[in-house]
Amino acid sequence: MTASSPEEEEVEEEARTVQVQAGTLYVVATPIGNLNDMTVRAVNVLKQVDVIASEDTRHLLSRRTGRMLKHFDIKTPQISHHEHNRQGSVSEIVNMARAGRSIAIVSDAGTPAISDPGTEVVRACLQEGIRVEPIPGACAAVAAVSISGMAKEGFCFGGFIPAKGSMRQQFVERVVSSPSPMVLYEAPHRLLATLEDLCAHCPDRDVIVARELTKIHEEVFAGKLREALSHFQKRSPRGEFTLVIEGNASPASSREDDSLAARVLRSFISHGIPVSSAVKAVAELFDVKKNRLKQFALDFKQEQEEEEEEDEEDRDQQRSALGK
């Protein structure tokens, strides 16, 4: 019998069944749809740890995690960790790890701690000096990027878009100004609104819209943002969506144009030109969308109102002082 070479021994060592370590948090990726994407290592870890922290332990067979555990005959006890109980569950997981127990954290689908409550568990464990070990596998963001043809020089991950308000507006502006492709997650009932907001800034930007990745009804749309909006307006969006938006080829010049356009718009409004007329004139002078100019105008009006309120308060204080 010939002795194994060092290279062969290294391969054998890497292929051995994993033995979980006490007092360790395992961040375990699970399939995003197709159970055949589950790794052997992930199954072994989930079977050996003392407890699994999952997003929802209720009605197990109706939940993705429950179906996955049943399919692979994993009978490890579970605790719940989700958005609504995170304060107590983070402490519970940290205390369990301190006591020497091994814990695996999973999400409903894909890699935990990426745009889900697992982030706080990982951060808390790292702060307490608890070992955290990744068990890599499926990830919707990486899967979508891999079929986009856009990420030769990297990409940015934006996660879920804020639902409304100024935070959403600022987020959209950050997406469209990014020089790198941006990956986003979106819910079906907000997809059209998101595509509309993006189209208002860059309708001719390339985009990949991936729906239900790895599942039976997987769909991948590739085209311009305006084409994607038209495509999904003709059907009711269903399932989970991952978007990859092409990076801005000239973000620096775009920001300069925006800054100059905003200054000219402010000057027009300050000299009494109606907002609608000022927006139209500046839009013709600069390559800036009217919706963006309208937002600049609203911001300027708000600043003016705040300044007027402050001036009025100062005058009231002066009158009060004179009265005394």
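1 is the number of the first residue of the sequence shown in the UniProt record's numbering; add one for each residue after it. The beta-carbon is built from N, C-alpha and C at its ideal position, and this holds for glycine as well. Values in this document were obtained by computation on a predicted structure and should not be read as measured data.
Judged by DSSP in its simplified three-state form, ILE147 adopts coil rather than helix or strand. By the Cβ rule, the stretch 257–267 counts as touching the stretch 289–298, because three or more pairs are nearer than 8 Å. Residues VAL18, VAL20, TYR26, VAL28, ALA104, ILE135 of the same chain have their beta carbon placed closer than 8 Å to that of VAL45, with the five preceding and five following residues left out of the count.
Under the three-state reduction of DSSP, ILE161 is assigned to coil, being neither helix nor strand. If you ignore the 5 residues before and after PHE72, its C-beta comes within less than 6 Å of the C-beta of VAL43, all in its own chain and listed in chain order. Within its own chain, the residues whose Cβ lies closer than 6 Å to the Cβ of GLU128, once the five positions on either side in sequence are excluded, are VAL94, listed in chain order. Between VAL279 and ALA210, the alpha-carbon positions lie close to 36 Å from each other. Assigned with DSSP and collapsed to three states, THR76 falls in coil, not helix or strand. A Cβ-Cβ distance of about 4 Å is found for the pair VAL244 and SER148, placing them in contact under the 8 Å criterion. Under the DSSP definition of a beta bridge, THR242 partners with TYR185, ALA210. Here HIS271 is exposed, its C-beta having fewer than 16 other C-beta atoms within 10 Å. In its chain, beyond the 5 residues on either side, GLY158, ILE161, PRO162 have a beta carbon closer than 8 Å to the beta carbon of PHE171.
With fewer than 16 other Cβ atoms inside 10 Å of its own Cβ, HIS217 counts as exposed. For the pair ASP37 and LEU195, the Cα-to-Cα distance works out to about 30 Å.
GLU120 and PRO112 have their C-alpha atoms roughly 11 Å apart.
The shortest CA-to-CA distance from LEU184 to any of ASP204, CYS199, CYS156, HIS201 is the one to CYS156. In the displayed model, ALA297 falls within a helix according to three-state DSSP. When the alpha-carbon of ALA138 is set against those of SER89, GLY100, PRO31, the nearest one is in PRO31. Annotated three-state conformation of GLU153 is coil, per DSSP. When secondary structure is reduced to three states using DSSP, PHE171 falls in the helix class. The C-beta separation of ASN248 from VAL176 comes to about 6 Å, placing the pair in contact by the 8 Å criterion. Between the alpha carbons of ASP206 and LYS70 lies a distance of about 41 Å. If only uninterrupted alpha helix (DSSP H) runs of at least 4 residues are considered, those enclosed by the stretch 17–59 are 40–48. GLU240 sits buried, since 16 or more C-beta atoms from the chains shown fall within 10 Å of its C-beta.
The straight-line gap separating the alpha-carbon atoms of GLU186 and VAL122 is approximately 24 Å. Non-local C-beta neighbours of CYS199 in its own chain, meaning closer than 6 Å and more than five positions away in sequence, comprise LEU225, ARG226, LEU229, ordered along the chain.
In its chain, beyond the 5 residues on either side, PRO31, ILE32, GLY33, ASN34, ASP37, ALA138, ALA143 have a beta carbon closer than 8 Å to the beta carbon of THR214.
Membership of GLY223 in the beta strand (DSSP E) is indicated by the continuous run 219–224. THR65 and PRO188 have their C-alpha atoms spaced approximately 21 Å apart. For VAL132, DSSP records a beta bridge to LEU25. The beta-carbon distance between ILE79 and SER91, rounded to whole angstroms, is 12 Å. This is too long to meet the 8 Å contact definition. When the five nearest sequence neighbours on each side are left out, the beta carbons in the same chain lying within less than 7 Å of the beta carbon of ALA151 are those of VAL145, PRO181, in order along the chain. Taking C-alpha positions only, PHE286 is separated from SER276 by approximately 16 Å. The beta carbon of ASP204 is closer than 6 Å to those of LYS224 in its chain, skipping five residues each way along the sequence.
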